[in-house]
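If you count the sequence shown from 1, position 108 lands on 108 in the UniProt record's numbering, and the numbers rise without skipping.
Note that beta-carbon positions come from the ideal geometry of N, C-alpha and C, so glycine has one too.
What follows is a single structure, written as structure tokens, with notes after it.
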Amino acid sequence: MENNLQFVKNKISEIQAIIKELKARYPHKEFTMDGRLVGDLGEIAAEVLYDLKLYEKLEKHYDGVTSTGQKVQIKATFKNSLTFKNCCDYYLGLKFEEDGTISEIFNGPGKIINQAYSHRKGFGKELLSFPIKALKELSSKVEEGQRIPKRFS
């Protein structure tokens with residue numbers, strides 16, 4: 001039992017060391033393990049991969065802005081669903097795999113999600129979860145000119 005406890009303590013220490021490195025490189029993000037770590041990683045990945053700039057401070061409903069001035073809400077997950085609450089200019093949903101691979105789940109105007117799910121109970125009032133498969137299908141219908149451009153192909 002003691003061996004397992006020490007193993008967990010060591011892993012927490014390793015995670016904390018990685019978080020310190022992330023904070024040193026991206027000081028405007030918190031990377032707290034109690035809920036913001038995946039979201040902050042998603043925001044940093046989005047800023048690296050897409051034509052957008054993150055806000056330095058928390059903004060209600062938005063995480064950044066494109067070079068054309070469109071506000072962006074960024075969501076990231078390791079699971080099979082992403083959350084959505086309020087209609088936004090742009091919604092960018094990303095999925096992380098255990099090997100670090102990042103997949104684009106949704107990239108486009110938030111109104112597309114709004115139109116597809118506004119009938120759902122609690123929509124616009126509560127943070128709701130949406131299956132990745134459904135969001136990918138919606139994203140496949142977004143025209144290229146309505147997407148946030150990638151920095152790299």
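Query raised in the report: For Gly-110, does the count of other Cβ atoms within 10 angstroms reach 16, so buried, or fall short, so exposed?
Result: If you number the sequence shown from 1, residue 110 lands on position 110. Buried is the call here.
Report task. Check Phe-7 in the structure and name its three-state DSSP category. Result -> Locating residue 7 in the sequence shown gives position 7, counting from the first residue. Three-state result, Phe-7: helix.
**Report entry** Alpha carbon of Gln-115 to alpha carbon of Lys-141, nearest angstrom
**Finding:** The residue labelled residue 115 in the question sits at position 115 within the sequence shown. The residue labelled residue 141 in the question sits at position 141 within the sequence shown. Computed Cα separation, rounded: 13 Å.
Requested in this report: Confirm, please, whether the CB-CB distance from Gln-146 to Gly-93 is below 8 Å.
Outcome: For the purposes of this step, residue 93 is identified with residue 93 of the sequence shown, where counting begins at 1. For the purposes of this step, residue 146 is identified with residue 146 of the sequence shown, where counting begins at 1. The answer is no: Cβ separation not under 8 Å.
Query raised in the report: How would you write the range of the alpha helix (DSSP H) that Tyr-117 sits in, first residue to last?
Result: For the purposes of this step, residue 117 is taken as residue 117 along the sequence shown, with counting starting at 1. Element bounds for Tyr-117: 110-117.
**Report entry** Lys-71 and Cys-87 closer than 8 Å at C-beta
**Finding:** Stepping through the sequence shown from its first residue, residue 71 is reached at position 71. Stepping through the sequence shown from its first residue, residue 87 is reached at position 87. Contact: no.
**Report entry** Among Asp-99, Lys-79, Phe-123 and Lys-150, the one whose alpha carbon lies nearest that of Lys-133
**Finding:** For the purposes of this step, residue 133 is identified with residue 133 of the sequence shown, where counting begins at 1. Nearest C-alpha to Lys-133: Lys-79.
Query raised in the report: Is it right to say Phe-7 is buried, meaning 16 or more other beta carbons lie within 10 angstroms of its own, or is it exposed?
Result: On the sequence shown, residue 7 is found 7 positions in, with the first residue counted as 1. That one is exposed.
Query raised in the report: What are the complete alpha helix (DSSP H) segments, minimum 4 residues, inside the UniProt domain "DUF6998" (14-148)?
Result: 37-49, 110-117 and 132-140
Query raised in the report: How long is the line joining the alpha carbons of Gln-73 and Ala-17, rounded to whole angstroms?
Result: By 1-based counting over the sequence shown, the position of residue 73 is 73. By 1-based counting over the sequence shown, the position of residue 17 is 17. So the two alpha carbons sit approximately 28 Å from each other.
**Report entry** Euclidean distance between Cα positions of Leu-49 and Glu-43
**Finding:** Taking the sequence shown and counting its residues from 1, one reaches residue 49 at position 49. Taking the sequence shown and counting its residues from 1, one reaches residue 43 at position 43. One C-alpha to the other measures close to 10 Å.
Report task. Take the Cβ of Gly-39 as the centre, count every other Cβ of all protein chains shown within 10 Å, and call the residue buried at 16 or more, exposed below. Result -> Start at 1 with the first residue of the sequence shown, and residue 39 comes out as number 39. Buried, by the Cβ-count rule.
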